[in-house]
Structures are given as structure tokens and as C-alpha cells.
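This report refers to the structure that appears directly beneath it.
Protein chains: 2
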Amino acid sequence: MSRPVLQLASALALGIVLASCESRAQSRPIAQTPQADGFEQTLSNAKQSLDAQMNLPISLPVPKDAGGGFTHEKHKESAKLIYNAGQLYKLTDEEKYADYAGKLMQAYAEVYPGWGLHPAQKEQSPGRMFWQNLNESWWLLHVAQGYDAVKETLSEEQRQLIETDLLRNMADFLSDGSPKTFNKIHNHGTWATAAVGLTGYAIDDQDYVEQALMGLDKSGDAGFLKQMEKLFSPDGYYNEGPYYQRYALMPFVIFAQAVEQNNPERKIFERRDGILKKAIYTTIQQSYGGLFFPINDALKDKGIATAELLHGVAIAYDLTSDAGLLSIAETQGKFVLTPESRKVSQDISAGMAEPFDYKTMRLRDGENGTEGALDIIRASSDPNDLSLVVKNTSQGLGHGHFDKLGFLLYDAGHEVIRDYGAARFLNVEAKYGGHYLAENNSFAKQTIAHNTLVVDETSHFEGDTETGNQYAPALGTFSNGETLKITSAEINTAYADVAMDRTMAMVTDAAFPNPIIIDLIEGHSESSHQYDLPFYYNGQLTETNFELAAETTSRRPLGDKNGYQHLWRVGSGQAVNGSSQVTWLLDKKFYSVMSSVPNSSEIIFAEIGATDPNFNLRREPAFIIRAKSADGISIASVIEPHGEYNPTVEFTVNSHSIVKSVDHFENGSDDYIRIETKDGEVVGLGVSGDMAKDAAHTVDVGGTAMSWTGPYKLFHSEKHKTGGN
Amino acid sequence: MSRPVLQLASALALGIVLASCESRAQSRPIAQTPQADGFEQTLSNAKQSLDAQMNLPISLPVPKDAGGGFTHEKHKESAKLIYNAGQLYKLTDEEKYADYAGKLMQAYAEVYPGWGLHPAQKEQSPGRMFWQNLNESWWLLHVAQGYDAVKETLSEEQRQLIETDLLRNMADFLSDGSPKTFNKIHNHGTWATAAVGLTGYAIDDQDYVEQALMGLDKSGDAGFLKQMEKLFSPDGYYNEGPYYQRYALMPFVIFAQAVEQNNPERKIFERRDGILKKAIYTTIQQSYGGLFFPINDALKDKGIATAELLHGVAIAYDLTSDAGLLSIAETQGKFVLTPESRKVSQDISAGMAEPFDYKTMRLRDGENGTEGALDIIRASSDPNDLSLVVKNTSQGLGHGHFDKLGFLLYDAGHEVIRDYGAARFLNVEAKYGGHYLAENNSFAKQTIAHNTLVVDETSHFEGDTETGNQYAPALGTFSNGETLKITSAEINTAYADVAMDRTMAMVTDAAFPNPIIIDLIEGHSESSHQYDLPFYYNGQLTETNFELAAETTSRRPLGDKNGYQHLWRVGSGQAVNGSSQVTWLLDKKFYSVMSSVPNSSEIIFAEIGATDPNFNLRREPAFIIRAKSADGISIASVIEPHGEYNPTVEFTVNSHSIVKSVDHFENGSDDYIRIETKDGEVVGLGVSGDMAKDAAHTVDVGGTAMSWTGPYKLFHSEKHKTGGN
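From first to last, the protein sequence lines are chains S and E. Following the working numbering, the numbering of the first sequence begins with 232 at its first residue and continues without gaps. Following the working numbering, the numbering of the second sequence begins with 232 at its first residue and continues without gaps.
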């Protein structure tokens with residue numbers, strides 16, 4: 232590990248755009264609801280902060296440090312100061328802010344042309360002020376807006392200087408000077424086109440705008456409009472997942488708003504059936520308890536309160552007047568210095584907020600919606616209620632993980648069965664400079680780090696991103712009924728000779744006090760393989776229905792590659808009579824997974840943290856159902872939230888599962904899962920191979936023929952005969 | 232692990248006394264502040280709940296199950312029903328509640344005399360309705376109050392039957408029938424005396440009251456008054472610690488209130504300088520973020536919202552009218568069915584609540600205050616601010632842990648350096664029936680499980696409770712200055728030939744943006760020993776100032792006994808030049824511990840969880856400074872909260888410690904700790920061997936004589952010359 236070095240980054244460099252209403256935790260619980268005057272408070276904080284800043288001498292250090300370092304943070308700070316000064320001038324009419332923005336931009340104009348490529352340039356696309364081009368786009372996006380706001384106050388000489396030596400110089404560098412990035416259908420490209428386009432509007436040069444919208448050659452084969460076409464699916468899903476969607480969204484909404492204001496005839500927000508609005512909404516929908524689903528390379532602590540979504544929500548509210556967005560803004564508790572944000576704040580104060588409508592939904596992936604989907608199943612619109620996320624998406628490019636058909640389960644505000652997310656400590660210098668850690672590739676991206684099927688201890692697509700990018704799962708029917716919410720998908724390209732499919736359902740039945748999850752995952756193959764199905768459970772193990780032998784005095788990694796080297800084997804047991812049940816306690820609730828497994832299946836308990844020389848990985852437990860088979864495998868599971876552990880009033884109820892058995896039956900490609908409770912109630916789920924609406928199916932379930940029509944059928948317990956689904 | 236069995240305990244059995252105002256987590260953040268009508272809501276919920284209950288047939292199963300089992304929970308439920316019915320009758324005048332209480336007690340009177348000792352009786356003191364006597368006392372304490380409330384409505388026959396066959400029968404069993412428990416100076420004794428005393432008042436038999444107050448023989452050598460004398464220290468500290476204090480408090484305050492009402496001439500609340508009020512206050516003071524300091528056998532999730540403290544706070548408010556208690560009641564968010572609780576609710580609604588005054592304080596231990604102390608040092612009265620707890624207490628009887636001079640550190644609402652607490656899952660049947668686990672003795676109680684010095688891998692007092700009970704630390708001066716809050720203590724009986732002392736201080740100095748902790752721990756010995764000083768840090772390791780070699784592909788326990796068998800050795804390094812520094816990230820903040828250590832010290836990284844066949848232990852990390860010495864050891868440390876990790880706005884500042892060096896100097900029994908920052912600021916702390924107020928001290932600090940008078944002296948940095956302390 233590195234020795235501590237002098238800390239250079241300064242807290243002053245930060246948080247100017249966002250003047251938060253949060254205050255220190257106090258003696259009494261404080262509602263996180265922003266004050267009635269949230270925006271005005273933001274405005275007043277921003278003024279105070281900028282007033283203090285304006286008294287300091289301007290110093291623009293020659294670019295030297297990589298991300299997180301002193302010169303990096305210093306220049307980031309400048310962009311925020313210029314942006315804020317511009318917004319404050321517009322909001323308050325006080326010329327001192329315009330003067331300051333002008334002075335600061337002028338100072339940059341004097342030095343920027345002399346800066347060559349950044350000494351710490353990143354391999355891909357270097358910047359000049361920053362180590363990477365992307366940061367330079369981010370800088371110009373802010374500064375162009377600042378300039379636009381204050382230009383009317385500047386002298387002709389100032390304008391000349393700033394426009395020529397700073398704005399055009401940088402815009403040229405980002406467009407003609409970096410054609411690969413600029414024309415790329417990728418969020419880095421969007422940052423570049425948005426920055427250049429905003430510059431075009433700010434200095435009234437339509438040429439930049441055209442290039443931004445249509446690509447360098449203005450043909451329309453690249454540029455912002457093409458990015459709008461390609462980077463979001465028709466449902467507004469971004470194929471790297473919500474963590475990057477949040478980030479990618481920012482230049483889209485900021486630039487689109489400028490297009491709307493300057494070229495309303497382009498009806499930018501109506502393009503592609505209102506794709507940008509959809510993208511804002513789906514970003515919010517892809518969150519639980521305020522945090523984004525951490526699929527792919529995601530940091531878990533990012534959520535709907537991030538700066539990007541402050542703009543997104545304010546602009547979406549401006550477009551839609553949807554009162555549900557106001558409750559999202561309340562949860563954010565922060566405002567940005569824009570008229571739209573002011574309106575949001577005013578309407579919250581006027582008591583207009585309504586709960587946001589969190590939904591069960593399928594978000595199709597791919598520019599045409601044909602490359603899989605992210606399936607979100609919620610027990611209710613309460614963002615903290617039982618929620619299931621099934622990752623039937625495409626790979627998600629370079630930030631994608633190898634977890635086809637993986638899932639995440641949430642309940643009562645917690646991750647119950649979780650995804651590791653990215654192995655990275657953002658901006659923490661001691662952790663590999665704040666970059667993605669080596670363990671991100673060696674563990675977090677690997678299939679075994681996820682809740683899905685691993686064949687022969689090898690990741691999907693052999694862990695090759697390019698291969699992964701070529702294939703997406705084929706989707707089965709997605710159904711959102713009152714008592715049955717269900718999705719299925721299959722993929723036969725993740726492994727050479729194993730086709731996988733998975734059906735996951737949320738079922739409400741009187742036999743269970745809470746909704747349960749039913750999961751059927753299958754590997755179809757004609758040859759011998761080992762199958763591992765991990766469940767990264769969150770909590771403390773309480774019981775199993777098999778003898779569990781712990782590794783009590785020595786531990787070894789579970790394997791030596793493909794992520795297995797990062798898992799300690801901490802115990803194992805043999806499933807008895809084809810049944811595996813594991814129960815754990817998480818906070819105040821119990822969770823059980825009972826699975827119908829192949830005979831002689833082993834259940835391995837594992838813990839993340841092996842082969843981790845720098846203590847980079849979080850220690851989290853999992854159990855892994857392992858079976859060897861010469862002709863494929865089916866594992867049917869019931870995931871059951873139950874009981875209550877209440878240490879305050881000192882009681883514990885229903886700490887044991889009420890599931891007695893889970894059995895899987897099949898007839899050709901039709902499946903039937905039979906669940907019996909200890910009370911003798913029986914719930915069944917039929918899953919059809921042929922998902923045609925009118926196709927009829929019959930499966931022999933222990934001597935009884937169970938028949939249905941259509942893709943799925945829920946057979947309720949006797950207690951609850953009302954309707955199927 | 233056990234197989235799941237049918238779950239019998241019913242949620243109906245519970246929570247009747249407490250009708251909580253808590254609601255399901257909602258889409259918007261909801262303030263936890265109770266509604267203005269908190270008590271009325273409680274009352275209305277209680278009525279609703281009891282009305283539903285009253286329609287069910289009464290069934291009193293023959294005692295059979297141990298704690299948590301069906302018959303256990305069922306009888307607990309009955310006591311709550313009788314108590315609640317009684318309170319509801321008093322509060323509403325509706326006779327149906329009195330009738331129901333009478334009917335239920337009558338039913339018990341018909342069966343109770345026929346019940347012998349409980350079949351699942353616990354070794355110590357068996358009950359009849361319950362497996363242990365203690366539960367029987369709890370039952371009678373509730374039912375006696377219920378009877379007292381409704382007796383005026385009962386017929387003569389009913390009263391005769393209930394008084395003779397239930398109340399007297401049970402009271403006799405708990406007093407004359409269980410003399411050892413009844414006369415014991417122990418919280419089990421208090422439950423028994425309170426139950427019998429309340430019965431005396433309820434049936435108007437002064438004999439029971441006298442026995443309760445003065446002991447079986449009424450001599451005053453035992454009984455409630457003696458328990459009041461002995462079980463709390465003069466500062467109101469209970470020697471098993473806050474977790475048990477909360478529990479022990481309940482019968483004290485309930486019975487004392489009855490004494491106050493029936494025999495006001497006894498001035499029970501004024502006895503011993505108002506000891507019961509003090510005890511309520513100190514229970515609250517011994518909490519952080521609403522949860523009790525988890526010293527000794529404590530479950531970590533218990534806090535000020537427990538039922539016992541609802542009564543305690545309401546009664547204390549009735550006695551003191553201290554508006555600070557109202558904010559505690561707000562945090563509790565729950566009310567009990569008493570007139571005192573109603574008053575609390577009304578006064579909260581009237582806006583009378585003020586922040587509770589959390590304090591820096593020494594709580595002396597022992598009936599005469601001579602057996603050590605619990606030292607609490609807080610940066611401010613904010614319950615979530617930096618707080619240091621130093622355990623200079625006595626052993627704490629059977630629930631005590633072997634951690635003389637141990638400490639806990641909190642900050643920003645989190646445990647930063649933590650105590651394991653008890654190894655137990657209360658009422659979770661699958662976890663050894665919900666009892667204390669074997670690992671409670673083999674790990675949680677052992678010295679190595681705590682943040683204090685371990686000599687030769689052996690626990691203090693060789694892990695013998697009886698020996699431990701004989702010795703308490705000798706206290707040094709406790710000082711609560713503006714910039715220096717400090718405590719010290721020593722003990723020379725924990726080990727045969729090693730005397731230990733420790734000084735811990737919270738220091739505010741301009742050289743540091745936050746207060747820091749200075750810690751000097753010493754082992755004095757003439758012979759060769761190995762010394763281990765663990766820090767159970769909470770968070771993710773970010774850096775060390777020495778090469779850390781992780782155990783990446785195999786793990787072994789750190790030892791084979793005294794708790795060491797439960798620690799995996801996960802890495803180690805050699806301190807360079809007598810300096811060890813470890814930094815970690817917890818939530819949004821960094822913490823560093825820099826220590827001056829003996830040359831050739833090893834720093835071992837460990838993780839809890841070895842030799843844990845049933846997955847009973849939580850996986851938590853520690854680092855352990857290990858040194859071997861022929862003539863004792865001194866380790867001086869600075870614990871420094873620093874920086875901010877902000878993933879929402881994406882910045883990280885001050886992730887590195889600003890401490891450059893920590894050095895320890897001594898002159899005889901006088902010590903001086905010199906801290907130098909990377910900015911070149913120097914802060915010093917002098918700690919005197921002779922703590923007399925006017926004794927003068929001089930220590931040679933690298934050629935400079937540092938002199939002071941009195942027990943301690945803080946030498947501020949040049950930046951901040953104002954006052955010493």
C-alpha cells in the first residue's frame with residue numbers, strides 16, 4: 232500500500248453547483264424533506280459561496296495531475312465557478328457575477344492555447360486541461376453555458392479573446408481535433424457533441440451546432456441526433472445500465488434543452504416518441520430505496536440524488552408537470568441553479584408533490600428494443616417494497632458484466648440477494664488512484680460474482696466482452712398480473728453447448744403472508760458439465776435443511792481463475808433428497824431459499840475476499856448450488872421473505888420457512904413447479920415452452936395432469952381460489 | 232443446523248402494550264417524529280387490538296415450551312392482555328375491558344395451582360408457567376397491575392378466586408417458594424420483589440409489600456430497598472452495563488411508582504440522592520445514535536426505544552418536567568398506556584420538547600462508586616457526534632466481559648472502533664434456541680475480542696469471572712475541558728506480573744479540522760511478554776504506512792484458545808521506525824490510527840469467523856499491534872477522523888491522514904505524547920504519574936524540557952495558543 236502523501240485537493244473545489252439543504256445529523260430525527268424554500272436556500276448558499284470565492288486571487292495551474300489530483304480538481308472547480316456565476320447573474324441580475332465569470336474565462340483564454348496534451352494522458356482519448364478528453368467536454372459544457380449567460384456584459388475584446396482562444400480552441404480540439412470520440416456512438420461522444428453544440432449556441436456559430444447534431448461531416452451518420460437514436464432503447468434503457476445511464480443522461484438533457492430553446496422547430500423532446508423524457512423516467516425506475524440497481528460497473532452509493540438527475544428531474548418536470556417527479560425532487564433534497572429547478576422547489580412548497588409511481592416493467596434493451604431487457608418486478612409502488620430485478624439485457628459494452636439471466640432481490644429497504652457492483656473506490660487515491668481496481672475484471676465482472684448459472688467454472692462468453700456484445704437473450708413473455716408478475720428469457724450463446732433459460736416470478740397467494748419469488752433456471756446440454764448457481768445472500772445464516780460442514784480452521788480459495796480465486800470456500804453440505812434450503816436473517820426479517828436440486832448436489836458456502844492482496848474486496852457471503860450432470864440441469868427455487876425479528880420489543884416470529892417442499896415437473900419444454908407449505912397448502916406455477924397465447928399445455932404432476940393455456944399459469948392454493956393470471 | 236420445525240409463536244402474542252406509531256417505509260422520507268397525538272393513537276390502536284382479541288376464545292395451554300416457544304409466548308401474551316385491559320379500563324372507563332381482564336385472570340386462577348415446575352426448567356431458578364422464575368416475576372408484575380386496575384369491578388367470588396389461587400399462589404411461589412432469587416441482590420431479585428410488592432398493593436396485603444421492600448425476613452438485609460442501595464452506583468450506573476441496566480430498570484421504576492403512590496411517606500424517589508432518577512438518566516446517557524453502548528453481554532440493536540425506557544422516561548418526566556426527556560420520547564416514537572405517558576405525548580404536541588443534553592461524564596461503578604467507572608467523552612451534545620467510551624468499570628458479574636481499559640469510538644452516527652457485544656440472536660430458535668451462543672464465552676467475552684491490551688494471548692483474570700469481580704481499575708483524574716477531555720485508569724490485577732494503565736483523551740486543536748483521540752496504553756512488567764493491542768476498525772482498509780502482506784490463498788486461525796481461535800489471520804506487516812499507521816473508509820469519512828510502537832512490532836490484520844462451525848459470528852475486521860518486550864510496553868496512538876468521500880457529488884478530499892508522526896516520551900511515571908502534522912504543527916499532551924493538582928512535572932522531549940503542573944496538560948499547536956486545560 233502507498234504511504235500517505237500530502238493531500239492537495241481542496242474542499243473548496245467542490246459542491247458549488249449543489250448547495251445542499253442537508254445538515255448535520257441532529258439530536259432529533261429530522262425529515263429529509265427540503266425546506267419549503269429549497270431553491271432559495273440553494274441560491275443563497277451559492278451566492279455566499281461564490282462571494283467568498285470571488286475575493287480569492289485567480290490561479291490556473293498548468294495541467295499536471297490525473298483525476299482526483301490538484302490541477303484536475305482546480306480546473307473542475309473553475310468550470311463550476313463560471314457556470315454558477317453565469318446562473319447567478321441570470322437569476323439575480325447582479326453584474327459582479329458576470330464580471331467574475333468573464334475575468335475567469337479571460338484568464339483561461341490566456342493560457343489554454345499554450346497547453347499541449349496532458350502529461351498524465353489516458354491511453355484512450357487524451358485531453359489538454361485534463362488527463363482525458365471526457366473531462367474536457369464536461370468542462371466546456373459548463374463553461375459554454377456560463378459564457379452564454381454573461382456574454383452580453385462583456386466587452387468586445389473580452390468576447391473576442393474568450394471565444395477565439397478558449398471556446399473555439401477547445402471546441403475545435405473536441406470536434407475536429409478528436410474525431411474518433413466526437414463521432415462515437417457512446418456517452419463520451421455525447422459529452423463532446425453537447426459541449427460543442429452548446430458552444431455553438433453560446434457564440435452563435437451554427438456550424439458547431441450542426442456538427443454537434445449531425446456529426447463532423449454533418450451527414451447525420453454521427454452526432455447527437457444519432458446518439459439519441461442509438462444509445463437508448465425505445466423504452467429509454469441505456470445499455471450500460473442505470474449507473475452509466477445517469478451519467479450519460481446529463482449532456483443529453485442539457486443540450487436538448489438548449490436545442491429546444493434555440494431551435495424549437497426541431498421538437499427535440501418529441502423525437503423518437505419522447506425518448507429523452509423516457510430516459511429520465513427509466514433512470515428513476517431503475518432504483519431501489521433511492522439507489523440505482525448496481526448492475527454492471529456500478530458504484531452502489533449512486534442514486535437519484537446525483538447532480539445529473541437534479542437537472543434531469545427539473546427538466547422532465549418542466550416538460551411533463553408530473554407531480555410524482557416532485558416527490559423524487561423532495562427525496563433528492565437538492566436543487567440546481569436553473570429556472571426549472573426553482574419551479575420544482577416552488578411547487579413542492581405549494582404541496583403539489585405526489586408519490587412517484589414505481590412500476591413493474593420490462594425495459595427493452597438495444598436501439599430497436601430487440602437485445603434483451605431489464606425486467607423490474609415490484610410488489611407495489613413503494614420504493615422500499617419487495618422488488619426483483621432480472622438482468623436479461625445485452626452485455627452493456629465495456630462496462631458490462633457477464634451475468635446473463637442474473638437477478639437482484641430487494642426487500643424492506645435492503646439488498647436481500649445482491650450484485651457486487653463494481654470493484655472501485657471512486658476518487659480514493661490510495662485505492663489504485665480511484666480507478667476500477669484489478670479485482671473489477673478478475674472478480675466483479677465474472678459470472679461467478681453474480682446470481683446466475685456458471686458452467687464449468689467459466690464465465691459467460693468465456694469472459695470476452697466483444698463476444699458478449701454480439702448476443703442478447705431471447706425474451707419470453709413479460710406479464711404483470713395482480714397475483715403473478717413474471718418474466719422469462721433464454722440464451723444459447725453464453726456457453727458453447729449449454730443453452731440456459733430462466734423464469735422468475737413474484738407470486739401473491741393466501742398460503743403466504745408475503746409475496747414470494749419463484750425461480751426456475753435451466754441449463755440444457757447433451758454433454759457433461761458442472762453447474763454452479765450462486766446466491767449472494769445478505770445477512771446472517773440461521774439454518775439449512777442439510778448438514779453444513781464449515782471450514783473452521785483453514786480456508787482455501789474455491790478455484791484459481793474466472794473469479795473463483797476471490798472466493799473462500801467456507802463450508803459445504805450435501806442436499807438431502809434433492810432439496811436445499813437456506814435461511815438467513817437480515818435486519819428485522821428472515822429469508823429462505825428452498826430449491827429443488829439434482830440429487831447429490833453440493834451446496835458450497837463462500838465468502839468474497841480471497842486472493843485480495845490489497846484488501847480491495849468487500850467481505851460478502853454466498854451459497855452456491857453445485858451439480859454435475861451429463862444432460863443438463865433444472866433448479867427450481869422459492870425465495871420466501873418471512874417472519875420478524877424485533878429486538879426492541881423482544882420477540883421473534885416465523886423465523887422458519889413455511890415451505891415444506893418445492894418440486895419441478897416437466898413435459899417436453901413445459902414446466903411445472905409445485906410448492907407445498909407445512910400447512911399443506913399447494914401453490915403451482917406452469918411455465919410454457921411455447922409461449923403463444925392460445926397454446927395448450929399439460930404436465931403430469933405426480934399423477935395429476937395440470938393443464939393450462941398461454942405462456943404461464945399460477946395455480947393458487949385452496950385458501951385462495953380467486954382467479955389465475 | 233437444525234431442520235426447520237413448524238413455527239408456532241404467533242404475532243398476535245405481541246406488541247399489545249406498545250402500539251407503535253411506526254409505519255412502513257414510504258416513498259417519501261417520513262420524519263420519525265411521532266404524530267402530535269402519539270398517545271391517543273397508541274390508545275386507539277390498543278383498543279382496536281384488544282377488541283379483536285376479546286372475541287377470541289380463551290385458551291391457556293399447559294406449560295411446555297422454553298423461551299420463544301408456543302406456550303411461553305401464549306402466556307406472555309396473556310399478561311400483556313390483562314395489563315392492557317386494566318389500563319384501558321382506567322383510561323376509558325369502559326367496563327368491557329375490566330370484564331375481560333377478570334375473565335382471563337379467573338381462567339388462570341383455575342389452572343395455575345395445578346401446575347408444578349415447568350418441564351423445560353432452566354438450571355438456575357425454575358418457574359411454573361415459564362421455564363424460568365424470571366419470566367414468572369415478569370408475568371406477575373404485569374398481572375398485579377391489571378388486577379389492581381379492575382378489582383373494583385369484580386365480584387367477591389372472583390376476587391377471592393383470583394387473589395387466592397393466582398396472585399397469592401404465584402407471589403408465594405416467587406417469595407417463600409424461591410427464597411434465593413427473591414433475596415438476591417440482582418435484577419432477577421428485583422423482578423421478584425417488584426412483582427410480589429405490586430401484588431401486595433393490589434390485594435392490600437402489607438405483608439407482601441414489607442417482604443418486597445425489606446426481604447423475606449423483613450430485616451432490610453435484602454429486598455427492594457437493599458437492591459436500590461446495591462445495584463446502582465451513586466452515579467446511577469448498573470454494573471452489568473447499559474444493556475442490562477435498561478432491563479433492570481423496569482421493575483425498579485414500576486414498583487417505585489407504586490410505592491410513591493401508596494406510601495408517599497417513604498419518599499422512594501428521593502432515596503439515595505434520587506438514585507432511580509439518576510439511573511434513568513444514565514441509561515439514556517449510555518447510548519449513541521439511539522443505541523446503547525454494547526459493552527458486556529449486549530445485543531447491539533437495543534436502544535432507548537425499548538419498552539422499559541418508555542416507562543422510565545415517562546416516569547422521569549413526571550418527576551422532573553425535564554423538557555430534554557421529551558425529545559427522547561420523540562425519538563422513541565412510542566407510548567405506553569399510562570397517564571404519565573399521556574402527559575409526555577401532550578407536552579410533545581405542545582411543542583415543549585428540547586434536545587436532550589448528552590454529556591461528557593464519568594459514571595462511577597460500584598455501590599459506593601469505588602469500583603472503577605464508565606467514562607463517556609463526547610465532542611458535543613449531538614448524539615451522533617464523535618464519542619469515546621472508555622470501559623474502566625468493574626467486571627459486571629456473569630454478563631461481564633474481560634476488557635479492562637477497553638474502549639469504543641463512534642463518529643457520524645457509526646461505530647468506528649467497535650466492541651463485538653454479545654454472541655447471541657435473541658429469540659431466534661435456530662441459533663441455539665435464542666440463548667447466548669457458545670461463541671459468547673469462547674470469543675465475545677474474551678479480551679482479544681476487545682480494544683484493549685492482551686498479554687501472552689491470555690484474557691484478563693485468565694478469563695475467570697469470579698476473579699474479575701474482585702478487582703476494579705484505579706481511576707485517574709477525569710477532566711472535561713473545552714479542548715481537552717481526558718480520562719485515565721490503571722489496573723495491576725488483570726495479569727499476574729503486568730500492570731496496565733491507559734489514558735484516553737479527546738483533543739480539539741486548530742492543527743486538526745476535527746477533534747482527535749489520543750490514546751496512551753502501557754503494560755508495566757519486569758519480565759518477557761507478548762503484548763497484543765487490537766483495534767476493531769469498522770470499514771474498508773485504504774492504506775497503511777508499512778508493507779502489508781495479505782494471506783491471499785490460505786487462512787489459519789490466529790491461535791487456538793482464549794478467543795484467538797475465532798480470528799483468521801488475514802495479513803501482517805512490520806512497523807517501520809516504530810510507527811504504524813492504518814487508514815480506513817467508513818461510509819463517507821476516513822479514519823486513521825497512527826501509533827508509536829516498539830521497534831520490530833508486527834501489525835496483524837484479522838477477521839472474526841474462524842472456528843465457527845455454525846456461522847454464528849459476524850465477519851468483522853481488526854488490526855492488532857503485536858510486540859514482544861522484556862520490560863513492558865507503551866503504545867501511543869492518535870485516532871484521527873478525516874476527509875470526506877462523497878459519491879453523490881463525486882469528490883473525495885483529505886483521504887490521507889495529516890499526522891506525520893506520533894512520539895512518546897517519558898520521565899519516570901510522567902508521559903508526554905508529541906504529535907506532528909505534515910504541516911509542521913506540533914500538539915503535545917502531558918500525562919502525569921502523580922495526579923495531584925499542584926504536582927509539577929517535566930519531560931525531556933527531544934532536547935526540550937516540557938513542564939506542567941497538575942494531572943494533564945495539553946500543549947496546543949502554534950496555530951492555536953489559547954489556553955491549556
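Glycine residues also receive a C-beta, built at the ideal position from the N, C-alpha and C atoms.
Where residue i falls, given that 16 or more other Cβ within 10 Å makes a residue buried
{"i": "E/P482", "result": "buried"}
{"i": "E/T883", "result": "buried"}
{"i": "E/L335", "result": "buried"}
{"i": "E/N808", "result": "exposed"}
{"i": "S/A240", "result": "Per-residue confidence for S/A240 stands at a pLDDT of 32, beneath the threshold of 50, marking its modelled position as unreliable; no derived number is given."}
{"i": "E/P265", "result": "Caution applies to E/P265, whose pLDDT of 41 falls short of 50 and renders its modelled position unreliable; the value that the coordinates give is listed next. That one is buried."}
{"i": "S/T537", "result": "buried"}
Short CB-CB distance (under 9 Å) between residue i and chain C
{"i": "S/L556", "result": "Looking for chain C here will not work: the only protein chains present are S and E."}
C-alpha distance - residue i paired with residue j, whole-angstrom precision
{"i": "S/L556", "j": "S/Y651", "result": "29 Å"}
{"i": "S/K924", "j": "S/G917", "result": "14 Å"}
{"i": "S/K449", "j": "S/S406", "result": "12 Å"}
{"i": "S/S900", "j": "S/A703", "result": "21 Å"}
{"i": "E/A340", "j": "E/H419", "result": "24 Å"}
{"i": "E/T783", "j": "S/A841", "result": "5 Å"}
{"i": "E/R502", "j": "E/N877", "result": "52 Å"}
{"i": "S/G631", "j": "S/Y795", "result": "19 Å"}
Sheet register partners of residue i (DSSP bridge)
{"i": "E/A780", "result": "E/S803"}
{"i": "E/R609", "result": "E/S618"}
{"i": "E/P878", "result": "In DSSP, E/P878 forms no bridge with anything."}
Reference residue i, options the options, closest by Cα
{"i": "E/M583", "options": "E/I559, E/D606, E/F404", "result": "E/I559"}
{"i": "E/A426", "options": "E/P465, E/Q389, E/A487", "result": "E/A487"}
{"i": "E/H666", "options": "S/E778, S/D504, S/E881", "result": "S/E881"}
{"i": "S/S831", "options": "S/A853, S/N845, S/K819, S/I864", "result": "S/I864"}
{"i": "E/H691", "options": "E/A654, E/D763, E/S719", "result": "E/D763"}
Helix, strand or coil at residue i [DSSP, three-state]
{"i": "S/Y468", "result": "coil"}
{"i": "S/E912", "result": "coil"}
{"i": "E/D504", "result": "helix"}
{"i": "E/V930", "result": "strand"}
{"i": "S/Q957", "result": "Beyond the ends of chain S as shown, which are 232 and 956, falls residue 957 of chain S; an answer cannot be given."}
{"i": "E/P746", "result": "coil"}
{"i": "E/S938", "result": "strand"}
{"i": "E/T323", "result": "helix"}
{"i": "S/N672", "result": "helix"}
{"i": "E/D403", "result": "helix"}
{"i": "E/P570", "result": "helix"}
{"i": "E/M459", "result": "helix"}
{"i": "E/D642", "result": "strand"}
{"i": "E/I889", "result": "coil"}
Distance cut-off 8 Å: residue i Cβ against heavy atoms of the ligand ADP
{"i": "S/S673", "result": "Here there are no bound small molecules, and the ligand ADP is not part of this structure."}
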